[in-house]
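If you read the sequence shown in the numbering used here, its first letter stands for residue 58, the second for the next number, and so on.
In this text, a Cβ means the ideal position worked out from N, Cα and C, and glycines have one as well.
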Amino acid sequence: MSSSSDVYRFDIIIDKYIIYINNIIFAAGLIGNIFNILVFTKLKVFRGNRCAFYLIIESIVSTILLFIYFIFHIFKKIYGAEPDDISLIVCKLKITFIQSCRLLISSVICFKALDQFFSTNYRVYLRRIPTFKRARYSVIIATILWVLQTIPYIFFSNIVPSLGCIVTNQALFRYYSYFYYILLNGLFPILISSLFSLFAYQNVRHLIRRQVPIQRRRLDHQMTAMIFVRVLVFVILTLPFTIFQIYKLNININLITDLHYDINQIVATIVTSLLIYNYSLTFYIFLVTSSRFRRQVKYLLLKKCWVVLKLNSSSLTDIKSLLIFYIFTLIDSNICSNVPLNLLILEQVSPTGSLRHKFDFLTTVLLSLVRMFIIYGLFRVIH
Numbered sequence: 058m059s060s061s062s063d064v065y066r067f068d069i070i071i072d073k074y075i076i077y078i079n080n081i082i083f084a085a086g087l088i089g090n091i092f093n094i095l096v097f098t099k100l101k102v103f104r105g106n107r108c109a110f111y112l113i114i115e116s117i118v119s120t121i122l123l124f125i126y127f128i129f130h131i132f133k134k135i136y137g138a139e140p141d142d143i144s145l146i147v148c149k150l151k152i153t154f155i156q157s158c159r160l161l162i163s164s165v166i167c168f169k170a171l172d173q174f175f176s177t178n179y180r181v182y183l184r185r186i187p188t189f190k191r192a193r194y195s196v197i198i199a200t201i202l203w204v205l206q207t208i209p210y211i212f213f214s215n216i217v218p219s220l221g222c223i224v225t226n227q228a229l230f231r232y233y234s235y236f237y238y239i240l241l242n243g244l245f246p247i248l249i250s251s252l253f254s255l256f257a258y259q260n261v262r263h264l265i266r267r268q269v270p271i272q273r274r275r276l277d278h279q280m281t282a283m284i285f286v287r288v289l290v291f292v293i294l295t296l297p298f299t300i301f302q303i304y305k306l307n308i309n310i311n312l313i314t315d316l317h318y319d320i321n322q323i324v325a326t327i328v329t330s331l332l333i334y335n336y337s338l339t340f341y342i343f344l345v346t347s348s349r350f351r352r353q354v355k356y357l358l359l360k361k362c363w364v365v366l367k368l369n370s371s372s373l374t375d376i377k378s379l380l381i382f383y384i385f386t387l388i389d390s391n392i393c394s395n396v397p398l399n400l401l402i403l404e405q406v407s408p409t410g411s412l413r414h415k416f417d418f419l420t421t422v423l424l425s426l427v428r429m430f431i432i433y434g435l436f437r438v439i440h
């Protein structure tokens, strides 16, 4: 088999992989992140919990990031090129926004591990360190810091015809290659989150020795286990991308063939998709690993959402019934223009009055009964 046919086959594999994986990641991530937000905001057990707050922030930012990836993917499939390869403004904003979101998600994962370590520690002064106010400030400060970190990219990102949207400043490119990918968005969050989640997991095993209310103990056990698994998956999905970036920096460009280049492209596509899985799998990780979380999701669906849907359905039905009632009232008023149709007016009509009033009263009652039967039939059809 010739080298050109291998290259062509690899290009087809990359295109098919990107199409299917992007659609799966977006659909699964959107549903999962929405469920995460609903669970951690609607259930009382999570109200005031700092880790739940971090998970809500992570789910919101992940949803925004997935929307950006999906919009760019759709644009490329329609027009054959990504918008950041066409518009310089989009090029600068994409690098800035995506970097800020990625770093914020990594920071939030580290915050969760640190929070669980401090809140489950047997030392009282360490347990007093994390507060809800500090959690909010941590997210705000991290957001500001990572946005400031991406400001140089606004000035030094440009569109190069053969390469697309890239950083053209050499000093910033080195920072981006060596510090951002390998350390800031790679080894640093991996080491911090994994280390402190392990410490928190050790702490929570000794909670039974302390005088802690049983509900608080169960919640601490649940959140620590969920955060531990989340960090483990974060490490598994982020580490291949970091290793590949280190490998890319040590490649001798002069020795790369077309086949070698395409193989690298396939590996880059796979490790990048694994990195993006971090933004879509959180809900499913919790669902698989935590039986208590499964019960909470089931309770939310059956008790909360189902009741709301029933109320909305009944409200919609009532509106339709009122519209039908109003239509038939207008029909009756056209047939008997001089006959009082309102039930309140009917009560004011005296049955001991003149024969005309008695006839009008009986006619109105009969028409009202006919209308009631018609409305009842339509009401049954609606249901």
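Distance between residue j and residue i (C-alpha atoms, nearest Å)
i, j, result
"LEU387", "ILE76", "Annotation note: pLDDT 44 at LEU387 (below 50); position unreliable, coordinate value reported separately. Whole-angstrom Cα-Cα distance: 56 Å."
"PHE256", "PHE285", "10 Å"
"ILE69", "MET283", "38 Å"
"TYR179", "ASN80", "45 Å"
"GLN198", "TYR111", "Residue identity check: residue 198 is Ile in the sequence provided, not Gln. Rounded to whole angstroms, ILE198 to TYR111 spans 14 Å at the Cα level."
"ILE327", "VAL292", "16 Å"
"ARG274", "LEU252", "22 Å"
"ILE91", "ASP315", "43 Å"
"VAL324", "LEU296", "13 Å"
"ALA200", "SER157", "Position check: residue 200 holds Thr in this sequence, whereas Ala was assumed. Between THR200 and SER157, the C-alpha separation is close to 7 Å."
"THR281", "PHE245", "21 Å"
"PHE230", "LEU145", "18 Å"
"ILE88", "VAL147", "27 Å"
"ALA138", "TYR74", "17 Å"
"GLN272", "VAL204", "39 Å"
"VAL261", "LEU276", "11 Å"
"GLY105", "LEU240", "33 Å"
"ILE78", "VAL217", "28 Å"
"PRO140", "LYS134", "11 Å"
"ASP319", "HIS130", "20 Å"
"TYR304", "HIS317", "13 Å"
"SER176", "LYS355", "28 Å"
"LYS360", "GLN353", "10 Å"
"LYS149", "GLN206", "14 Å"
For residue i, the first and last residue of its enclosing beta strand (DSSP E)
i, result
"ILE216", "214 to 217"
"VAL224", "221 to 224"
Short Cβ contact (8 Å threshold) for residue i with residue j
i, j, result
"SER250", "VAL288", "yes"
"ILE160", "SER337", "Here the sequence assigns Leu to residue 160, which means Ile is not the residue at that position. Taking 8 Å as the Cβ cut-off, LEU160 and SER337 do not qualify as a contacting pair."
"PHE236", "VAL224", "no"
"LEU357", "VAL96", "yes"
"THR153", "TYR210", "yes"
"GLN173", "SER254", "yes"
"ILE333", "ILE82", "yes"
"LEU306", "LEU331", "no"
"ILE166", "SER119", "no"
"GLN302", "TYR238", "yes"
"THR329", "PHE298", "yes"
"SER347", "GLN279", "yes"
"ILE143", "VAL196", "no"
"LYS151", "CYS222", "yes"
"ILE71", "GLN322", "yes"
"ARG107", "ALA228", "no"
Where the alpha helix (DSSP H) containing residue i begins and where it ends
i, result
"LYS305", "271 to 306"
"ILE239", "Element bounds for ILE239: n/a, residue is neither H nor E."
"VAL324", "315 to 334"
"SER144", "First-last for SER144: undefined, no H or E at that position."
"SER195", "189 to 206"
"VAL181", "181 to 184"
"HIS263", "HIS263 -> no alpha helix (DSSP H), and no H or E assigned at all."
"ARG231", "227 to 231"
"LEU112", "107 to 136"
"PHE343", "339 to 346"
Distance cut-off 7 Å: residue i Cβ against heavy atoms of the ligand ADP
i, result
"ILE327", "No copy of the ligand ADP occurs in the structure displayed, which carries no ligand at all."
Minimum Cβ-Cβ distance from residue i to chain B less than 8 Å
i, result
"LYS134", "The chain inventory of the structure shown lacks chain B, comprising one protein chain alone."
*So does the region 172 to 188 actually touch the region 124 to 139, counting three or more Cβ pairs closer than 8 Å?*
With contact defined as three or more Cβ pairs closer than 8 Å, the region 172 to 188 and the region 124 to 139 are not in contact.
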